[in-house]
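According to the numbering used here, the residues represented by the sequence shown are 398 to 692, in order. Every residue, glycine too, gets a C-beta built ideally from N, C-alpha and C. The next block holds one structure in the form of structure tokens; read it before the comments.
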Amino acid sequence: MYRAVAANKRNTVLIMAVFVALVVGIGFVAQALLGDGSGVILGATIIGALVYVVIQYYQAGSQALAMAGAREIQKKDNPRLYRIVENLAITTGLPTPKVYIVDDPAPNAFATGRDPEHAAVAATTGLLELMDDQELEGVMAHEMAHVKNLDIRVSTIVFGLVVVVGFIADFLARMAFFGGLRRNNVGGNPVVLVVGLLAMILAPLLAALIQAAISRQREYLADATGALTTRHPEGLARALHKLGEYGRPLKRQQASMAHLWMADPMQPGVIDRMFQTHPPIPDRIRRLLENQTKF
């Protein structure tokens, strides 16, 4: 478990480095296409990338909560959920995270933030209605495990990276198809069109691969850590079974933050399954039940 936490710290630095390299590379491409020999475009791209990395590190958690439509609650607003999270924080020795509810009938939950001191957990109204107390405790223990294991830091950085890849793809596509370069006398250059096409096709695939690259073992580890916290893995196993049986796409689906949720919030197609960031629910249940005597 400690090795996994250390790996998450290394992954955060690696992901930031990959992001900066990606944006710098695009800066070189843009500079070449625009015929800018002064290096202004490249310099602006590098500075912009560095600023974006810093902003995302501090703000991506808030952005994820906003995109999910989550609203913060206090104990009086939902004593059941708040007390479960509060008790789990005491058990794990963590600061009590901020608690949010997402008004959505799809049962799901997620955790976000850059560290345990700035963490937040969220549950949908559908989850609260579907789960009994032991099952809900199992789900929130899983989310608190992501906080304890520092998964939230890696997930937050990945979330920001996936978002910016989309922006970059859109920018290059506009350059290619809406004549952004023609004023610079490079209109009609087939390279521009090829770059735009590749950006539109490859950027979403790259984003999906980045999400999938955050190992599925992260979910297995959170399941195990959550079961170890509650000491009754059957509660989490039952919760996972219900998520598999009654799960549905969220009303506000965001592919860029799919990896943050307890269960995949999207409705996967054949191709999507190749890039799924979550292990199959039956496998997660099997692992929990096979190892329940060890918790």
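- prompt: Based on Cα-Cα distance, which residue from Q460, H675, E469 and L411 lies nearest to Q614?
  reply: As a working note, residue 614 is residue 217 in the sequence shown. The residue among Q460, H675, E469 and L411 with its C-alpha nearest the C-alpha of Q614 is H675.
E545: first and last residue of the uninterrupted alpha helix (DSSP H) it sits in: Sequence index remark: in the sequence shown, residue 545 carries index 148 (1-based). The sequence as given places Lys at residue 545; Glu does not occur at that position. Here the alpha helix (DSSP H) through K545 covers D530 to K545.
field: Rounded C-alpha distance that separates L686 from P630
entry: The sequence position of residue 686 within the sequence shown is 289, counting from 1. The sequence position of residue 630 within the sequence shown is 233, counting from 1. A straight-line Cα-Cα distance of about 7 Å links L686 and P630.
- prompt: Under three-state DSSP, which class holds R645?
  reply: Position 248 of the sequence shown, counting from 1, holds the residue named residue 645. DSSP places R645 outside both helix and strand once states are collapsed to three, so it counts as coil.
message: Please report the distance separating the alpha-carbon of N582 from that of I444.
response: Reading the sequence shown from its first residue, position 185 is the one you call residue 582. Reading the sequence shown from its first residue, position 47 is the one you call residue 444. With a pLDDT of 48 at N582, under the threshold of 50, the modelled position of that residue is not reliable, and the figure given next carries that caveat. Cα to Cα, N582 sits roughly 27 Å from I444.
- prompt: Looking at the unbroken alpha helix (DSSP H) that takes in E514, where does it start and where does it end?
  reply: The residue you call residue 514 lines up with position 117 of the sequence shown. Element bounds for E514: n/a, residue is neither H nor E.
field: Stretch pair the segment 479 to 494 + the segment 455 to 466: three plus CB contacts closer than 8 Å
entry: No contact exists between the segment 479 to 494 and the segment 455 to 466.
message: Restricting to Cα atoms, I'd like to know which of L524, G490 and P476 is closest to V499.
response: Mapped onto the sequence shown, residue 499 falls at position 102. Cα-wise, what sits closest to V499 is L524.
message: Once the 5 residues before and after Q651 are set aside, which same chain residues still bring their CB inside 7 Å of it?
response: Here residue 651 refers to the residue found at position 254 when the sequence shown is read from its first residue. If we look at Q651 and ignore the five residues flanking it on each side, its Cβ neighbours are M464.
DSSP-derived helix/strand/coil call for R400: Within the sequence shown, numbered from 1, the residue matching residue 400 stands at position 3. Note: R400 maps to helix in three-state DSSP.
field: Cβ shell of P494 (< 8 Å), same chain only, five flanking positions each side left out
entry: Residue 494 sits at position 97 when you count from the first residue of the sequence shown. Excluding sequence neighbours, P494 sits near V482, A486, A508, G510, P513, A516, A517, V518, M541 and V544.
- prompt: If you run the structure through DSSP and keep just helix, strand and coil, what is T522?
  reply: For this step, residue 522 is matched to residue 125 along the sequence shown. In this structure, T522 counts as helix in the three-state DSSP scheme.
query: Counting along the chain, where does the beta strand (DSSP E) carrying A467 start and finish?
result: As a working note, residue 467 is residue 70 in the sequence shown. Segment A467 to I470, the beta strand (DSSP E) holding A467.
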